[in-house]
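Q: Provided herewith is a single structure, encoded as structure tokens, for subsequent inquiry.
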Amino acid sequence: MTSPDFGYWLTGTLVVYIAVCIYLGYLGMKRTKTVKDFALAGQAASPLILGLALYATWHSISAYMGSPGLAYNFGWPSMWQPWAIILIQPILLILLAGRIRTYAKKLNVLSAIDLIGERFQSHLLRVVFALVTVVTMTMYCVSQYKGAGLIFSNVFGTEFWVGVVIAAAVVMFYMSTGGAWADIYTDAFQGVLMILIVLIMVPVSVIAAGGYATASANLAAIKPELAGIFYPGTLYDSWAPITISLYFTVLFFGNPLFPNRVMALKDKKHVARFIVLFAIGNFLGAWFQQVGALGRSMGVAVSTADFITPQLMINLLPVPLAAILIVGILAAMMSSVDGYANAAAVSAGNDVYRRIWTQVLHRPDDAKIDRRAVLIMRIVTIVVLVVPIYWVVVAPPPFLSLFIYYAGGFLVSSVCAPFLVGLLWKGATKLGAYAAVICGLAGFELLDIFMNKMTVWAKGVSGAAISFAAILLVSYIENKFFGGRTLPREALKKLEGE
199 MTSPDFGYWL
209 TGTLVVYIAV
219 CIYLGYLGMK
229 RTKTVKDFAL
239 AGQAASPLIL
249 GLALYATWHS
259 ISAYMGSPGL
269 AYNFGWPSMW
279 QPWAIILIQP
289 ILLILLAGRI
299 RTYAKKLNVL
309 SAIDLIGERF
319 QSHLLRVVFA
329 LVTVVTMTMY
339 CVSQYKGAGL
349 IFSNVFGTEF
359 WVGVVIAAAV
369 VMFYMSTGGA
379 WADIYTDAFQ
389 GVLMILIVLI
399 MVPVSVIAAG
409 GYATASANLA
419 AIKPELAGIF
429 YPGTLYDSWA
439 PITISLYFTV
449 LFFGNPLFPN
459 RVMALKDKKH
469 VARFIVLFAI
479 GNFLGAWFQQ
489 VGALGRSMGV
499 AVSTADFITP
509 QLMINLLPVP
519 LAAILIVGIL
529 AAMMSSVDGY
539 ANAAAVSAGN
549 DVYRRIWTQV
559 LHRPDDAKID
569 RRAVLIMRIV
579 TIVVLVVPIY
589 WVVVAPPPFL
599 SLFIYYAGGF
609 LVSSVCAPFL
619 VGLLWKGATK
629 LGAYAAVICG
639 LAGFELLDIF
649 MNKMTVWAKG
659 VSGAAISFAA
669 ILLVSYIENK
679 FFGGRTLPRE
689 ALKKLEGE
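Going by the working numbering, the letters in the sequence shown line up with residues 199 to 696, in that order.
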């Protein structure tokens, strides 16, 4: 399968794919003139495009390489993870997407961090959350780049860093020029390839493994825990259903990618279609994890567990189809990296420069503000995409998914509580939000340092729980005994009559 024919097919498919991404970036550059264009693609994308884009961004290379890698290592117990994603996240969208869209319109905001800053009337929160977003999105990119490096080094025989640089350069071009327009439309294109991977590889892998019963028997023969419900002493112990479910609950709205996609909808009536499309894609992407366990049951040997999906494609599929689907995995990487870069860029250009610098320190005319904000967004996009290259080449994380889940814990420990409590309770105060950030981050980092036996899910959930407790307690005390001194009354007036 590693014949010259395979190399030709893979190279040709990759060239066509890169050309399409660059062309979409060029179209995005022509349409991106203002901050709203760069942040939300002018709110012109359809629910179908946005649903595909959210699916592609959320189900990154972690879903197509990292999660199957965990299933390869831990077997069926790892499947608690996709069940949590499939069941919880569409429900959260149903409950909160409409309110996010309403709040965004009433407060005239363009991003999740913009919404938090305006809801609590706090420039400090904008700056802190912008920094947290930039750091977290950079960490997310590290894991994505590792996947690209593995594909190029194992399939093309290049040095690891070559794949990292090529993938980063392509994303850097279309994202720095086209902003959210390029992000959303390339993601929709990439999402189609990613869905194709699931529809082909899951049934092919099940058939090749001899069905689920045979696969389970083979896993049990390798190690009984691989075919069990839980895997004691690992990430997937008996606490896994609770900790994983709670982790993905808080992650869903602690991550700015989701609210930002909801805000990009042109009309509130599009929310329902958007949710249905995302739920379908979410099921497909999360359920793909099983191919790692199926590959282990077949005795497929890999240099690293994260490479099990490409290896199965090479082993089980005809040359042309394997080439197309391996490029689809690279699409999964790029669809997430561009979303991360856009979230970080919007945080810097809109949430810090446009909302703080121009209003507090310097006020040029509106046209100059937009031009400068877009320039800042393009520069930050490049920085966020360049920094992880050095990181992943020097010290690549052992597991793609686990590094992403650690970064997610850092994010939800600070952002999730102010965002959700601010949406759902008008009594949440600015001081309470400050307490949530400080206590949540401190709690998460202390747990990470001193509680080595806690799973990454438990640490993230605990940090978020501390953050929620802090904002609720401090806000209650302030309202009860101090007359709600830091209640953002101006923002609350705008939200009246929702």
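Just so you know, even glycine gets a beta-carbon here, dropped at the ideal spot from N, CA and C.
Can you have a look at K657 and say buried or exposed, based on whether 16 or more other CB atoms are within 10 angstroms of its CB?
A: Classification of K657: buried, given that the 10 Å Cβ count is 16 or more.
Q: Does DSSP classify M532 as helix, strand or coil?
A: Correct three-state label for M532: helix.
Q: Taking DSSP as the reference, what is the three-state secondary structure of I427?
A: Correct three-state label for I427: coil.
Q: Which stretch, first to last residue, makes up the alpha helix (DSSP H) that contains R494?
A: Its alpha helix (DSSP H) spans residues 488-495.
Q: For W589, which residues in the same chain have their Cβ closer than 7 Å to its Cβ, ignoring the five residues on either side in sequence?
A: Counting only Cβ-Cβ distances below 7 Å, and skipping sequence neighbours, we find V340.
Q: Taking contact to mean 3 or more Cβ pairs, one atom from each stretch, closer than 8 Å, check whether the stretch 530-539 and the stretch 366-373 are in contact.
A: Flag = yes, the stretch 530-539 and the stretch 366-373 touch.
Q: Measure the C-alpha to C-alpha separation of I580 and A571 and round it to an integer number of angstroms.
A: One C-alpha to the other measures close to 14 Å.
Q: For A521, which residues of its own chain have a beta-carbon under 7 Å away from its beta-carbon, when the five flanking residues on both sides are left out?
A: Correct list, in chain order: F204, W207, L208, T211.
Q: Quick one: what's got a C-beta closer than 6 Å to P457's C-beta in the same chain, skipping five residues either side?
A: Excluding residues within five positions, the ones whose Cβ falls inside 6 Å are I298, A310.
Q: Mind checking which residues open and close the alpha helix (DSSP H) that includes W256?
A: Start and end: 245-256.
Q: Hey, how far is the Cα of S436 from the Cα of P430?
A: Roughly 7 Å between the two C-alpha positions.
Q: State the Cα-Cα distance for the pair T384 and P401, rounded to the nearest angstrom.
A: Computed Cα separation, rounded: 27 Å.
Q: Return the residue from the list E316, V469, P686 that minimises the CA-CA distance to L252.
A: Per the Cα distances, V469.
Q: Using a threshold of 8 Å, state whether the C-beta atoms of Q323 and P616 are closer than that.
A: For clarity, residue 323 is Leu in the given sequence; the question names Gln instead. Yes; because the gap between Cβ atoms is below 8 Å, this pair is in contact.
Q: Measuring straight from C-alpha to C-alpha, what distance separates I395 and P518?
A: Approximately 13 Å, taken between the alpha carbons.
Q: Just checking, does the stretch 506-515 make contact with the stretch 281-301 on the three C-beta pairs under 8 Å criterion?
A: With the cut-off at 8 Å, the stretch 506-515 and the stretch 281-301 do not touch.
Q: Helix, strand or coil for P518, going by three-state DSSP, please let me know.
A: Three-state result, P518: helix.
Q: So, are the CB atoms of L523 and A406 less than 8 Å apart?
A: Not closer than 8 Å, so no.
Q: Just to confirm before moving on: does the CB-CB distance between F358 and V591 stay below 8 Å?
A: Taking 8 Å as the Cβ cut-off, F358 and V591 qualify as a contacting pair.
Q: Could you check what DSSP says for G479 in three-state terms: helix, strand or coil?
A: The answer is helix: DSSP assigns G479 an H, G or I state.
Q: Would you call the CB atoms of V363 and I577 closer than 8 Å?
A: No, the pair does not count as a contact, with Cβ atoms beyond the cut-off.
Q: Is the beta carbon of V332 sitting closer than 8 Å to the one on V635?
A: Not a contact, by the Cβ cut-off of 8 Å.
Q: Is the beta carbon of V585 less than 8 Å from the beta carbon of A542?
A: Cβ atoms of V585 and A542: not closer than 8 Å.
Q: Do three or more CB pairs link the stretch 442-454 to the stretch 605-614 at distances below 8 Å?
A: Flag = yes, the stretch 442-454 and the stretch 605-614 touch.
Q: Out of A477, Q487, G408, point me to the one whose CA is closest to S260's CA.
A: Out of A477, Q487, G408, Q487 has the C-alpha closest to the C-alpha of S260.
Q: Between G264 and G682, what straight-line distance do the alpha-carbon atoms span, to the nearest angstrom?
A: For G264 and G682, the distance between alpha carbons rounds to 46 Å.
Q: Quick one: Cα of L621 to Cα of A662, how far?
A: Looking at the two C-alpha atoms, the distance is approximately 16 Å.
Q: Measuring only the C-alpha atoms, how far is L618 from K692?
A: Cα to Cα, the separation comes out at about 18 Å.
Q: Pull up the CB-CB distance for V489 and S403, whole angstroms please, since I reckon it's below 8 Å.
A: Right, the Cβ-Cβ distance comes to about 5 Å (below 8 Å), so this counts as a contact.
Q: Once DSSP output is grouped into helix, strand and coil, what is the label at T334?
A: Reduced to three states, the DSSP call for T334 is helix.
Q: Quick one: is W278 buried, meaning 16 or more other Cβ sit within 10 Å of its Cβ, or exposed?
A: So W278 counts as buried.
Q: Alpha carbon to alpha carbon, how far is T441 from K678?
A: So the two alpha carbons sit approximately 33 Å from each other.
Q: Using DSSP with H/G/I as helix, E/B as strand and the rest coil, what is M373?
A: Residue state, collapsed to three classes: helix.
Q: What residue range does the alpha helix (DSSP H) around M263 cover?
A: Where M263 is concerned, there is no enclosing alpha helix (DSSP H), given that its DSSP letter is neither H nor E.
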